[in-house]
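Chemist:
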Amino acid sequence: MGEGYRGHCRRQPGRPRVGVRVLWPLVWLLVACTGFWASIAGATQTTVPDTPTLSAAEGQALAAKNQCLGCHQVDSRRVGPPFRAVARRYGGQRQAAQYLAQVMRRGSSGQWGAIPMPAQVRLSPQDARSLAQWILSLSQH
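The following block contains the structure:
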């Protein structure tokens with residue numbers, strides 16, 4: 006096993022040598038592409054700065070302006086869940102306002118029953134964030 010085994014591990018004449026000169030450029034290419042695609046993915050996400058929580062009247066007015074009240078109420082179920090139930094489910098969770106704002110704009114299904122929530126594409130990111138923070142504030146009342 007001694008001499009034959011070591012001979013097996015050596016490069017045989019006529020075979021190309023794949024080494025550092027070939028592998029390092031491939032590693033750098035992989036790293037560069039990964040960073041590039043990660044930056045593209047991050048650039049497509051909309052981030053909205055924190056906004057102050059709306060008062061009860063301001064929240065109701067913003068919900069009415071964006072036709073949210075056609076499916077939701079504060080305390081009673083219509084088509085979708087009551088806002089207070091949403092606040093109880095998600096209140097206290099990290100990134101809850103951001104998550105709810107994304108759900109409003111992108112839509113969702115299966116979270117609250119069989120009826121899906123359609124994407125609210127006309128809802129601005131700022132209004133979505135304000136509504137989400139107002140809804141989450143309802144768990145404290």
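Counting from 1 along the sequence shown, just add 5 to a position and that's the residue number in my numbering.
Glycine residues also receive a C-beta, built at the ideal position from the N, C-alpha and C atoms.
Nearest-angstrom Cα distance between His77 and Ser135?
Modeler: Translated into the one-based positions of the sequence shown, residue 77 becomes position 72. Translated into the one-based positions of the sequence shown, residue 135 becomes position 130. The alpha-carbon atoms of His77 and Ser135 are separated by roughly 16 Å.
Chemist: Distance, Cα to Cα, Gln72 vs Gln100?
Modeler: If you number the sequence shown from 1, residue 72 lands on position 67. If you number the sequence shown from 1, residue 100 lands on position 95. Distance between the alpha carbons of Gln72 and Gln100: 24 Å.
Chemist: CB-CB under 6 Å to Ser218, same chain, minus the five flanking residues each way: which ones, in chain order?
Modeler: A question about residue 218 goes unanswered here, because the residues of the chain that appear run from 6 up to 146.
Chemist: In the DSSP assignment, the alpha helix (DSSP H) including Val91 goes from what residue to what residue?
Modeler: For the purposes of this step, residue 91 is identified with residue 86 of the sequence shown, where counting begins at 1. Element bounds for Val91: Phe88 to Tyr95.
Chemist: Taking the alpha carbon of Ala137 as the reference point, which residue from Arg83, Ala90, Arg82 and Val84 has its own alpha carbon closest?
Modeler: As a working mapping, residue 137 is identified with position 132 in the sequence shown. Here the closest residue by C-alpha is Ala90.
Chemist: Going along the chain, which residues of its own chain have a beta-carbon closer than 6 Å to the beta-carbon of Thr51, five neighbours each way excluded?
Modeler: Indexing the sequence shown from 1 puts residue 51 at position 46. Model confidence at Thr51 stands at a pLDDT of 45, short of 50, so the residue's coordinates are unreliable; what they give is reported in the following sentence. When the five nearest sequence neighbours on each side are left out, the beta carbons in the same chain lying within less than 6 Å of the beta carbon of Thr51 are those of Pro130, in order along the chain.
Chemist: Taking the alpha-carbon of Leu67 as reference, which of Ile120, Trp139, Val84 and Val108 has the nearest alpha-carbon?
Modeler: Within the sequence shown, the letter at position 62 stands for residue 67. Checked all of Ile120, Trp139, Val84 and Val108; the closest Cα to Leu67 is Trp139.
Chemist: Per DSSP, Met122 forms a beta bridge with which residues?
Modeler: The residue you call residue 122 lines up with position 117 of the sequence shown. Beta-bridge pairing links Met122 to Ser113.
Chemist: Nearest CA to the CA of Leu128: which residue from Ala62, Arg94, Trp117 and Arg111?
Modeler: Here the question's residue 128 lines up with position 123 in the sequence shown. That would be Arg111, whose Cα lies nearest to the Cα of Leu128.
Chemist: Whole angstroms is fine: what's the gap from Val53's alpha carbon to Tyr95's?
Modeler: For the purposes of this step, residue 53 is taken as residue 48 along the sequence shown, with counting starting at 1. For the purposes of this step, residue 95 is taken as residue 90 along the sequence shown, with counting starting at 1. Confidence in Val53 is poor, its pLDDT being 43 and thus under 50, which makes the residue's placement unreliable; the coordinate value appears in the next sentence. Their Cα atoms are separated by approximately 19 Å.
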